[in-house]
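Below is one structure, written out as structure tokens; the observations come after it.
Given below as structure tokens:
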């Protein structure tokens with residue numbers, strides 16, 4: 004599945020800052036920070052996707068996580084930012100919705116241009 008989600012994860016990395024309302028310079032800076040943080044994750048995709056959310060929202064993700072009852076240390080993403088809380092999760096969901104709308108707009112405009 005890593006191969007199947009490679010491209011979508013990179014598109015999220017590049018487009019989430021736009022959905023967050025960042026300007027071009029901030030988009031590149033944020034994406035670069037997320038690429039750097041996400042590269043330390045064992046997954047070639049998940050770390051980058053999680054890191055771009057952390058950097059766009061200014062919250063720290065990662066650290067000690069539990070998978071099927073086993074603790075696994077993960078790299079810190081956006082280290083030094085406040086830890087994610089319920090409000091941050093709500094902002095993540097809202098940002099995901101804006102990202103989906105952005106890509107629907109891109110797909111719609113592409114379809115119109117192809118006619």
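Numbering (our numbering), first residue to last: 4 to 118.
Glycine included, each C-beta is placed from N, C-alpha and C at the ideal position.
- prompt: Per DSSP, residue 70 forms a beta bridge with which residues?
  reply: Paired residue(s): 73.
message: Measuring alpha carbon to alpha carbon, tell me which residue in 10, 59, 72 is nearest residue 97.
response: If we check each option's Cα against that of residue 97, 59 comes out closest.
message: Alpha carbons only, please: which of 99, 62, 66 is nearest the one belonging to residue 2?
response: A query on residue 2 cannot be resolved here, the shown segment of the chain reaching from 4 to 118 and no further.
- request: Taking residue 94 as the reference, give the member of 28, 69, 19 with the closest Cα.
  value: For the residues 28, 69, 19, the minimum Cα distance to residue 94 belongs to 19.
query: Does the stretch 104-115 touch the stretch 69-87, meaning 3 or more C-beta pairs lie closer than 8 Å?
result: Contact fails between the stretch 69-87 and the stretch 104-115, because fewer than three Cβ pairs, one in each stretch, are under 8 Å apart.
query: Rounded to the nearest angstrom, how far is the Cβ of residue 16 from that of residue 34, given a contact under 8 Å?
result: Here residue 16 really is in contact with residue 34; their C-beta atoms are around 6 Å apart, less than 8 Å.
- request: From the DSSP output, in three-state form, read off residue 26 for me.
  value: Looking at residue 26 - three-state DSSP - the assignment turns out to be coil, as it is neither helix nor strand.
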